[in-house]
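Only one structure is covered here, and it is reproduced in the block below.
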Amino acid sequence: MNTQQKARLGGRAVSSFSTAVAPYHYSTIEQALNDALAAYGVNGLVIHADGNIHRFDSIDKPKGNRNGWYVCPSLEVAVFGFWHTGEQHSVSITGEHDPAAAAEARQAAQRAREQRDAERRAQQAKTAEQARHWWAMAGAADPSHPYLTKKRLAPHGLRQHGSMLLVPLYADGELVNLERIFPDGEKRPLAGGRVKGAASLIGCLAGAERVLIAEGWATAAALYEAAGAPVVVARNADNLEAVARRLRQFLPDNVAITIAADDDRFTDGNPGVTKAQLAALVIDAKVLMPIFCKDCQKCTDFADVALCHQGGAV
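Put into structure tokens, the structure is as follows:
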């Protein structure tokens, strides 16, 4: 795939509608769409020009992602796009501007968005039900769980399902998902569940004068043990802003919010710091940075620093 193709698929938060102009007249919309998709590295699809929305794998995501979609509202027009970038394009058998064809394409794209939104809501509701069932059936986390032992942290209200630690993720006061922490430290939410804006909490917000927001659960637990202030777990850097916005709306104005950043100093662009600074700017909060030992080449967050100070290996 060339640089231009990668740029097309690599963008985020794109909401555009453009026309992919065919280089010459095609005899069928299937041929026109196949050529247009090939420019994005998508080959070998059997096109169904039946007016229904069809899904396919985007090449920049793991197999089975089904992030690509297309629909042929007529035998002269097709629309395709990628859910994860917001890209949408139309193609016709002539490649010429046709107001009627353009209107068909817009309507087809709108139907695709509505169907996608309905599918997502249904899946999120199903996953939330699964999360509530797992949470209700799970017992208290074993303090000797390998992950807790490695991090030298107490469970702080976590529950356990088999060998997995369960971190509850709430949005708008409801349990909507669970993050599973496996014995080897791998972390995954339940598939298809809500993640944006969803968060967990260590400590109690009632009566707090200061609240911290951190990325991972271990970082939040280490901060809570060190500072005693409640800590909201955003899960990752990309979720910091959404969680910060919701928390600022929920808390009284006199409660200070501090974003505790991961210092991804060994990663290009340092997303931990840049995303924390953005979240802090949005809600007018302060950023708290971890302080590392001299010449430290391992630690990147507050959990690492706490473990390092305890003499543990990071």
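All residue numbers for the sequence shown refer to this note's numbering, where the first residue is 1110 and numbers rise by one.
Heads up, the beta-carbon is just placed ideally off N, CA and C, and yes, glycines get one too.
Just so we're clear, the structure is a prediction, and the values are computed from it rather than from any experiment.
- Check whether the region 1250–1260 touches the region 1308–1316, taking contact to mean three or more Cβ pairs, one atom from each stretch, closer than 8 Å. no
- With C-beta atoms as the reference, is GLY1160 less than 7 Å away from PRO1182? yes
- Task: Kindly list the residues whose CB is nearer than 8 Å to the CB of ALA1131, restricted to its own chain and excluding five residues on each side of it in sequence; keep chain order.
- Result: Because ALA1131 sits at a pLDDT of 45, beneath the cut-off of 50, its placement in the model cannot be relied upon, and the following sentence gives the value as read from the coordinates. Taken in chain order, the residues that qualify are ALA1141, ASP1144, ALA1145, VAL1200, SER1201, ILE1202, THR1203, GLY1204.
- Task: Would you mind stating whether LEU1274 and ALA1250 have Cβ atoms separated by less than 7 Å?
- Result: yes
- How long is the line joining the alpha carbons of VAL1053 and LYS1172, rounded to whole angstroms? Nothing can be reported for residue 1053: it is not among the residues displayed for the chain, which extend from 1110 to 1423.
- So the alpha helix (DSSP H) ASN1143 belongs to, where does it begin and stop? 1138–1147
- Quickly, what does DSSP pair LEU1274 with across the bridge? List them, please. GLN1269, ILE1290
- Distance between GLN1358 and VAL1396 (C-alpha atoms, nearest Å): 18 Å
- Query: Counting Cβ pairs, one atom from each stretch, are 3 or more of them under 8 Å apart for the region 1220–1229 and the region 1237–1244?
  - Reply: no
- Rounded to a whole number of angstroms, what is the C-alpha to C-alpha distance between ARG1164 and GLY1381? 33 Å
- Task: Please name the residue or residues paired with LEU1397 in a DSSP beta bridge.
- Result: ALA1369
- Counterpart residues of HIS1323 in DSSP-defined beta bridges: The question names His, yet the displayed sequence has Ala at residue 1323. DSSP lists VAL1342 as partners of ALA1323.
- Task: Look up GLN1406 in the DSSP assignment and say whether it is helix, strand or coil.
- Result: coil
- Per DSSP, TYR1179 is paired with what? HIS1163, PHE1189
- Message: Can you tell me whether GLN1216 is helix, strand or coil according to DSSP?
- Response: helix
- Query: Do PRO1339 and GLY1316 come within 7 Å of each other at the CB atom, strictly closer than that value?
  - Reply: no
- If we count the other Cβ atoms within 10 Å of its Cβ and call it buried at 16 or more, is ASP1281 buried or exposed? exposed
- Message: Distance check for ASP1377 and ALA1330, CA to CA, integer angstroms please.
- Response: 26 Å
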